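Under this note's numbering, the first residue of the sequence shown carries the number 1, and numbering increases by one thereafter.
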Amino acid sequence: MEQEKLIQLLADMTLEEKAGQLLQVAGSYFEDEGFVTGPENKAGFTAEELKLAGSLLGSAGAKKLMDIQKKYMEQHPHHIPLLFMADIINGCRTVFPIPLAQGCTFDPALSERLAQAAAAEAAACGIHLTFSPMADLVQDARWGRVMESTGEDVFLNRQFVRAMVEGYQGKADEEGRVDLSGKGKIAACVKHFAAYGAPVAGRDYNAVELSERTLLDDYLPAYREAVDAKAAVVMTSFNTLDRVPSSGNRKLLQEILRAKMGFEGVVISDWGAIREMLSHGIAQSEREAAKLALEAGVDIDMMTTCYCRNLVCLVRDGEIEESLLDRAVLRVLELKNALGLFEDPFKDADESKERELFLCEEHRALARSSAAESFVLLKNEGMLPLHRKGQRVAFIGPQVENRSIFGAWSILGRQEDTVSIADALKKEGLDVIFARGSLFTEDERLMAVSGETRQDRARSGKMLEEAVLAAGGADAVVLALGEHRMYSGEAASRAQITVPSCQLELLRRVCEVNPNVAVVLFTGRPLDIREISDRAKAVLVVWQPGTEGGSAVVDVLYGRENPSGKLAMSFPWCTGQVPISYHEFSTGRPYEEGMQDRYLSRYLDIPNRPLYPFGFGLSYTSFEISDVALSSDVLRRGRNAAIYAGVRVKNTGKIPGSEVVQLYIQDLCASVARPKRELKGFIRVPLMPGEERNVEFAIDESMLRFTGIDMKFASEDGRFAVFVGSSSETMNRAEFELMS
Ligand code: BGC
1 MEQEKLIQLL ADMTLEEKAG QLLQVAGSYF EDEGFVTGPE NKAGFTAEEL KLAGSLLGSA
61 GAKKLMDIQK KYMEQHPHHI PLLFMADIIN GCRTVFPIPL AQGCTFDPAL SERLAQAAAA
121 EAAACGIHLT FSPMADLVQD ARWGRVMEST GEDVFLNRQF VRAMVEGYQG KADEEGRVDL
181 SGKGKIAACV KHFAAYGAPV AGRDYNAVEL SERTLLDDYL PAYREAVDAK AAVVMTSFNT
241 LDRVPSSGNR KLLQEILRAK MGFEGVVISD WGAIREMLSH GIAQSEREAA KLALEAGVDI
301 DMMTTCYCRN LVCLVRDGEI EESLLDRAVL RVLELKNALG LFEDPFKDAD ESKERELFLC
361 EEHRALARSS AAESFVLLKN EGMLPLHRKG QRVAFIGPQV ENRSIFGAWS ILGRQEDTVS
421 IADALKKEGL DVIFARGSLF TEDERLMAVS GETRQDRARS GKMLEEAVLA AGGADAVVLA
481 LGEHRMYSGE AASRAQITVP SCQLELLRRV CEVNPNVAVV LFTGRPLDIR EISDRAKAVL
541 VVWQPGTEGG SAVVDVLYGR ENPSGKLAMS FPWCTGQVPI SYHEFSTGRP YEEGMQDRYL
601 SRYLDIPNRP LYPFGFGLSY TSFEISDVAL SSDVLRRGRN AAIYAGVRVK NTGKIPGSEV
661 VQLYIQDLCA SVARPKRELK GFIRVPLMPG EERNVEFAID ESMLRFTGID MKFASEDGRF
721 AVFVGSSSET MNRAEFELMS
């Protein structure tokens, strides 16, 4: 529809109809009967309010959504189509590895393909927009939602956020236009603006306290990347930032998002977040909250009655300008128009396409290979890969037969479609021994989350004895342990990020009877795995791998795939060490392992370094990286000026493999303290045995900018250290000077 017609449509709408466009409610209100007719519902919306709601969330299915759309439009005074939004976070019906696992591939192009595949399935089942990517930087593994991010590093996150937006929506053309109406495309909503990933003490929804410089340099860039990639929508976060909740934060939404980042799309609140301003204690009524949010710049109210019940009277009473309401409504109409919904309100919804795409061979293959690529091998004392012949392996642990191995928000994921480790082994006809060994947990509070019962607990002694017997009779043991999927995700913060004690007891008992133990760790977050790392000969982190998770685990365990993942988030020494990131600052009292002086920046009881650092991950082969050579030790300012950091990488082992070569830079002296190192580049290098390759990173002035003492984003002349290697701890170092 032409813009003038859209503006005319807006002019023809009543205030009630306009407010309706800004209301988003759960699709469940419209399901079954196809349209809600009941007088009142749980969240308190009246049928009249629901009839005018502009968008729905959380429903999927071509037939269902087409029916809803048809009935809705028939009764709508202007026949304006609904927008269907949903959380398509890590795949759709075919579930891919969680975003944190995707981060560990250091392969954003892969995430773009995964997002494309997810978009194709989602579009076929009627969805127009996904609440993804989550661009929140995370450094505190207690927070349950670290699984939805691609990790602790701003540079890495930026690459993934862009890849995902482009995967869902397609790439913007030179004029910055994206065609959202294209087949198989869905709009992207970047979230949670801003800094939701830094709640105090890792407790979900808690306040965020950051310095302005940290916000600017570390937390905002990934959202900005999404905006630059033309993400259609931005979602506000639940938290306060500098003591102001995001949904009422004018500075954040107006000055930063709209003015500085140039965002022109729709801003949507997170679920219930506008009304939560009452609980935050910055609004006394829904009416006040509605006024605050609209004036701050929130266009759509997700799941509260604040907007639909108050905007009309706020305008009538002259408390807000109608033009403010109009601007928000126009943005929503423009998004519907960009998706082509005025021409075709069903867009790509198509039952036969849905059948064709859901779990199709191509998507399953992608699920399988991407999962394998995301696994991180943390330790391997000659135990892996296993041998197909001549080795009797016992597969033990609560994760062996578990099919619930997809991450939070896998709204269409089904256990019956998912391949567990046991399924994959059976499919391949591998003759192995199985034993459950233990429950996920025997801790009362966690049991309530994973659904285990006291009756289950009564069986646990017997389970353990059977497992010990099985382990004793095997040549090698694979222990599949870790978090139940419900232990991470939204509202799943944990104060003790350990593997539950009954699983550790299983590990101890098994190790007593068999020294050849490899642990396969399922988890949505980095955990304290000191004991596992001490006792097991091999540790493979497989995250929440999705529909083909079990197949991918078997591929890697038996060497069909060679692991190449690198940690996108450090595994801490223990919970007391979090938040932790390699991206830390120099202190006035630097400490190196082994130093005796007490008055240094250190702990008395644990090391400063994490158990496994960011960027770390082993392979079944070995690599050698030569000393880093700089093309010049002076970088002069000037357009297109660059120097090059080069290394030679060699596969020194006997099988093909890929190494992720990483570039870090440290600004040695500046007007404010700078991080000890920052990731500035990475390249995945596939190499055949014996093969070597030169790898080169260009370094230019723009990579050296930060927010200085004057709050300007610029680089400062001086010396810089360059590190190139296979993890954030590499000591392979050179220096150069930036000068005018
Ligand atoms: C979450 C968002 C999500 C939304 C809609 C909220 O609880 O914080 O990430 O997109 O629900 O499902």
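Just so you know, even glycine gets a beta-carbon here, dropped at the ideal spot from N, CA and C.
Please read all numbers here as calculations on a predicted model, not as lab measurements.
Report whether the distance from the Cβ of G103 to the nearest heavy atom of the ligand BGC is below 7 Å. Numbered from 1 along the sequence shown, position 103 holds the residue referred to as residue 103. Not under cutoff, so the answer is no.
Between the segment 576-592 and the segment 685-705, are three or more C-beta pairs nearer than 8 Å? no
Beta-carbon contacts of A62 that lie in its chain and below 6 Å, excluding the five residues immediately before and after: For this step, residue 62 is matched to residue 62 along the sequence shown. Contacts found: C125, G126, A349, D350, E351, E354.
Let's test the definition: count the other Cβ atoms within 10 Å of the Cβ of V36 and tell me whether it reaches 16, buried, or not, exposed. Mapped onto the sequence shown, residue 36 falls at position 36. Residue confidence is low: V36 scores 49 on pLDDT, short of 50, so the model does not pin down where it sits. Its coordinate-derived value is still stated next. So V36 counts as buried.
With contact counted as at least three CB pairs below 8 Å, one residue from each stretch, are the segment 659-672 and the segment 717-735 in contact? yes
Near L219, which residues of its chain fall below 6 Å by C-beta distance, leaving aside the five closest residues on each side in sequence? Taking the sequence shown and counting its residues from 1, one reaches residue 219 at position 219. Sequence inspection shows Tyr at residue 219; the Leu mentioned does not correspond to that position. Taken in chain order, the residues that qualify are L137, A195.
P39, DSSP secondary structure in three states: Along the sequence shown, read from residue 1 onward, the residue named residue 39 stands at position 39. Confidence at P39 is low in this model, with a pLDDT of 43, below 50, so its placement is unreliable and the value that follows should be read with caution. Three-state result, P39: coil.
Same chain, Cβ closer than 7 Å to T707, five either side skipped, listed in chain order: Position 707 of the sequence shown, counting from 1, holds the residue named residue 707. Result list for T707: R213, L216, D217, F713, in chain order.
What residue range does the alpha helix (DSSP H) around A192 cover? Stepping through the sequence shown from its first residue, residue 192 is reached at position 192. The sequence shown places His at residue 192, rather than the Ala named in the question. It is not in any alpha helix (DSSP H) - H192 instead sits in the beta strand (DSSP E) that spans 187-193.
Distance between R275 and A289 (C-alpha atoms, nearest Å): Within the sequence shown, numbered from 1, the residue matching residue 289 stands at position 289. Within the sequence shown, numbered from 1, the residue matching residue 275 stands at position 275. Whole-angstrom Cα-Cα distance: 6 Å.
Do P500 and L440 count as a contact pair if the criterion is CB distance below 8 Å? If you number the sequence shown from 1, residue 440 lands on position 440. If you number the sequence shown from 1, residue 500 lands on position 500. What sits at residue 440 in the sequence shown is Phe, not Leu. Going by C-beta atoms, F440 is nearer than 8 Å to P500.
For T707, which of helix, strand or coil comes out of DSSP? For this step, residue 707 is matched to residue 707 along the sequence shown. Looking at T707 - three-state DSSP - the assignment turns out to be strand.
Contacting residues, own chain, Cβ-Cβ under 6 Å from E691 (five flanking each side not counted): Looking up residue 691 in the sequence shown gives position 691. Around E691: N651.
For the ligand BGC, residues whose Cβ lies under 5 Å from any non-hydrogen atom: D87, F131, D270, W271
P97 vs S460 beta-carbon contact at 8 Å: To locate residue 97, count along the sequence shown from 1; it is residue 97. To locate residue 460, count along the sequence shown from 1; it is residue 460. Going by C-beta atoms, P97 is not nearer than 8 Å to S460.
So, with DSSP's three-state summary, where would you put M1? Your numbering for residue 1 matches position 1 in the sequence shown. In the structure shown, M1 sits in coil (DSSP, three-state: anything other than H, G, I, E or B).
The alpha helix (DSSP H) enclosing E465, as first and last residue numbers: In the sequence shown, residue 465 corresponds to position 465, counting from 1. Segment 460-472, the alpha helix (DSSP H) holding E465.
Hey, could you find the ends of the beta strand (DSSP E) Q662 is sitting in? Position 662 of the sequence shown holds residue 662. Where Q662 is concerned, the enclosing beta strand (DSSP E) stretches over 657-667.
Do M235 and F84 have their C-beta atoms within less than 8 Å of each other? One-based indexing of the sequence shown puts residue 235 at position 235. One-based indexing of the sequence shown puts residue 84 at position 84. Going by C-beta atoms, M235 is not nearer than 8 Å to F84.
Note down, one range per segment and in chain order, each beta strand (DSSP E) of at least 3 residues found wholly within the segment 72-127. 83-86
Around the Cβ of S702, are there at least 16 other Cβ atoms within 10 angstroms (buried) or fewer (exposed)? What you label residue 702 is simply residue 702 of the sequence shown in a count that begins at 1. Exposed is the call here.
If we ignore side chains and look at the alpha-carbon of each, how far apart do K336 and I80 end up? As a first step, residue 336 must be located in the sequence shown, where it is residue number 336. As a first step, residue 80 must be located in the sequence shown, where it is residue number 80. Each residue's alpha carbon lies about 9 Å from the other.
Quick check on DSSP: helix, strand or coil for E678? For the purposes of this step, residue 678 is identified with residue 678 of the sequence shown, where counting begins at 1. Strand, per DSSP.
Quick one, are the C-beta atoms of G472 and N514 less than 8 Å apart? Position 472 of the sequence shown, counted from the start, is the residue given in the question as residue 472. Position 514 of the sequence shown, counted from the start, is the residue given in the question as residue 514. Contact: yes.
With DSSP collapsed to three states, give me the class of G718. Position 718 of the sequence shown, counting from 1, holds the residue named residue 718. Strand at G718.
As assigned by DSSP and simplified to three states, the class of V274: Here residue 274 corresponds to residue number 274 of the sequence shown, with the count starting at 1. What sits at residue 274 in the sequence shown is Ile, not Val. Looking at I274 - three-state DSSP - the assignment turns out to be coil, as it is neither helix nor strand.
Inspect the beta-carbon positions of R295 and D107 and report whether they are closer than 8 Å. Here residue 295 corresponds to residue number 295 of the sequence shown, with the count starting at 1. Here residue 107 corresponds to residue number 107 of the sequence shown, with the count starting at 1. Reading off the sequence shown, one finds Glu at residue 295, where the question assumed Arg. Not in contact: E295 and D107 (Cβ atoms no closer than 8 Å).
Just grab the DSSP bridge partners of I268 for me. Taking the first residue of the sequence shown as position 1, residue 268 is located at position 268. Looking at the DSSP assignment, I268 forms a beta bridge with M235, I300.
Between the CA atoms of I497 and N157 - distance to the nearest angstrom: As a first step, residue 157 must be located in the sequence shown, where it is residue number 157. As a first step, residue 497 must be located in the sequence shown, where it is residue number 497. Rounded to whole angstroms, N157 to I497 spans 23 Å at the Cα level.
Residues in its own chain within less than 6 Å of S551 by CB, not counting five upstream and five downstream? By 1-based counting over the sequence shown, the position of residue 551 is 551. Answer for S551: R368, V419, A424, listed in chain order.
Cα separation between L10 and D140? Working through the sequence shown from its first residue, we reach residue 10 at position 10. Working through the sequence shown from its first residue, we reach residue 140 at position 140. Taking the straight line joining both Cα atoms gives about 45 Å.
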